[in-house]
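Structure record follows, encoded as structure tokens.
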Amino acid sequence: MAKGTRAEAGRAADFVNRCTSLVAAAAAEGRGLQPGELAGLRELAASAGESGVALEDLVSAWLTAAWEPYQESLEGASCPQPGDRRQMPLAWQRAREATVALTRGYEAGQQEAIRREEAMRREFVDDLLDGRTDLGQLAERADRFSLRLVGPYTVTAARATVPFRAGDPATRHVEEGMATSFRARDVFITSKEGLLVCVSPTTETDVPRTFARHVGMSGVKAHQVAVSRSRPGPSGIVRSYQEVRGTLDIAERLALSAPVVDAADLLVFQVLGRDRAAITDLVATVLGTLEQARGGPAPLLDTLRAYCDTGCVSTATARRLGISVRAVTYRLGRIRQLTGYDPADPDQRYTLQTAALGARLLGWPAEPLERAD
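Now the structure itself:
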């Protein structure tokens, strides 16, 4: 018999012995089980539930022990004495009361074990995302959850108007939905820094989409979900978490309306955003002169972005902006005159496009540029 099995059998035997003694005493005295006795049984059953003893085994052991004295009496050569007949129904009534106490206590113990397990999972994922815990300790704790830290993982995170918190209705809704859709070992969810974060093996390709769907159904308002690129190991998970945080920040600054944003799609903005001073200087140097245009820089900047996005086709740019091709040609000419960069020249267009991306990231021209001295 395995060590864990022997320990569980011992805990079940302790409970059965306690039940048998209480029921026998109550039956002999012709009374019911007292509130204090029932409470003691519930505590014992809760302890058994927390320790992993199966409820079926616990109930079976108890009922078998409770019936055993009367089974021996019925199998005897002579009929039970009248007194015995009167005691049997009373004893089984007490047994019923004990069984009710057993199941209630066991359920309470299981719920406590589940809450403790959830707290341990959240704490583990939180430490994993921090990246400050010793890898040896993380690996040891990961074994408890059947998690192999060497594999590639994807991090998906959600942000809403109201920050996510552990145990709040929205968080519980997503946790329960994901638990129904996937095995517990494949999905790790925690709330961190106001975000709801999901770590999952990259092989589980449906996790990000399912996570986003459950977030959308959780009742939160103005939410957005970001999905990281796949990376292996604990350090990769940390980088992916930082990436989705940055992606959500960029999506907010760009006022992106898509409910799900892929970090890979915003990679250029993340690169530009790493040196704010440099990109601010680029925007001011290349596009600052557009402020001299009649009506301000916004119409010309919108035209430049549309022109680059449509493959530098004037007719497509005109359709996107709802203006004439002649107006597009005029605006491109003004950009060339004011900046000194020609949108039609591939090399110069690259500089203009990079500056335009930086302007979008900085919120210019709606927000003034703050150049470093």
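FYI, in the UniProt record's numbering the residues of the sequence shown are 1 to 373.
By construction, the Cβ of each residue, glycine as well, lies at the ideal position given by its N, Cα and C atoms.
Straight-line measurement puts the Cα of Ala54 at about 54 Å from the Cα of Val271. Per DSSP, the beta-bridge partners of Val261 are Ala226.
In the DSSP assignment, Leu196 falls within the unbroken beta strand (DSSP E) covering 195 to 201. Closest option to Asp275, judged by alpha-carbon separation, among Gly177, Asp14, Leu362: Leu362. Its chain contains Tyr106, Gly109, Gln110 as the residues whose beta carbon lies nearer than 6 Å to that of Gly49, once the 5 sequence neighbours on both sides are disregarded; these appear in chain order. Our two residues, Thr280 and Gly288, have alpha carbons roughly 10 Å apart in a direct line. Taking Asp302 as the centre and dropping the five residues before and after it, the same chain places the C-beta of Leu321 closer than 8 Å to its C-beta, in chain order. A distance below 8 Å separates the beta carbons of Glu37 and Leu22. Just so you know, the alpha carbons of Tyr153 and Ala222 end up roughly 27 Å apart. Secondary structure at Ile189: strand, using DSSP grouped into helix, strand and coil.
Residue state for Tyr153 is assigned as strand, using DSSP reduced to three classes.
Using a Cβ distance threshold of 8 Å, Ile189 and Val174 count as a contacting pair.
For Pro299, the secondary structure class from DSSP, reduced to helix, strand or coil, is helix. Rounded to whole angstroms, the Cβ separation of Ala263 and Glu243 is 5 Å, and the two are in contact under 8 Å. Val227 has its alpha-carbon roughly 59 Å from the corresponding atom of Trp67. Of the residues assessed, Ser257 falls on the exposed side of the cut-off, its CB having fewer than 16 other CB atoms within 10 angstroms.
The alpha-carbon separation between Ala316 and Gln348 amounts to approximately 21 Å. In the three-state scheme derived from DSSP, where H, G and I count as helix and E and B as strand, Pro163 is classed as coil. In the DSSP assignment, Arg231 is bridged to Tyr153. For Leu332, the enclosing alpha helix (DSSP H) stretches over residues 325 to 339. With distances taken between CA atoms, Pro346 lies nearest to Cys312 out of His214, Ser324, Cys312, Arg360. If you compare the alpha carbons of Val125, Ala355, Val100 with that of Phe269, the shortest gap goes to Ala355.
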